[in-house]
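Asks: In the numbering used here, each residue's number is its place in the sequence shown (first place is 1) plus 1. I am attaching a structure below and will ask some questions about it afterwards.
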Amino acid sequence: MSRVNDRNGRFPYPTRMETTWLPRLDPALCTGCGDCIAICPENALAQVAGKAALTRPAACTYCTTCEDVCPTGAIELPFLICFTPGQRHEP
2 MSRVNDRNGR FPYPTRMETT WLPRLDPALC TGCGDCIAIC PENALAQVAG KAALTRPAAC
62 TYCTTCEDVC PTGAIELPFL ICFTPGQRHE P
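Laid out in structure tokens, this is it:
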């Protein structure tokens, strides 16, 4: 990840995100109900060995519907924080 400093050489901040963010599925919490699979608009999830699995990661658009519908909290989408190049916000 590239870093940029201010005029005084302080406060490095990312200029772009290089990480791909995908849902995290906890098989220990998944009951295999299929709600997330049914609601996924991109068909990125499928049932594998009785549990939900992200079988098409490139199709995931990070819409969060799978996380919202999961009754056991087995799906977690990490927060995504994007920085805009050339901007810095002071407190």
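Idealized CB from N, CA, C, for every residue including glycine.
Would the beta-carbon of T56 fall within 9 Å of that of A50?
Replies: Cβ distance not < 9 Å, so T56 and A50 don't count as in contact.
Asks: Pull up the distance between the alpha-carbon of P72 and that of A59, whole angstroms please.
Replies: Cα-Cα distance, rounded: 25 Å.
Asks: Let me make sure I understand the geometry here. Which of G74, G33, W22 and P79 has the alpha-carbon closest to that of A54?
Replies: Ranking G74, G33, W22 and P79 by Cα distance to A54 puts G33 first.
Asks: Do the CB positions of C67 and C31 come within less than 9 Å of each other?
Replies: No, the Cβ-Cβ distance between C67 and C31 is not below 9 Å.
Asks: So the beta strand (DSSP E) A54 belongs to, where does it begin and stop?
Replies: A54 -> beta strand (DSSP E) spans K52 to L55.
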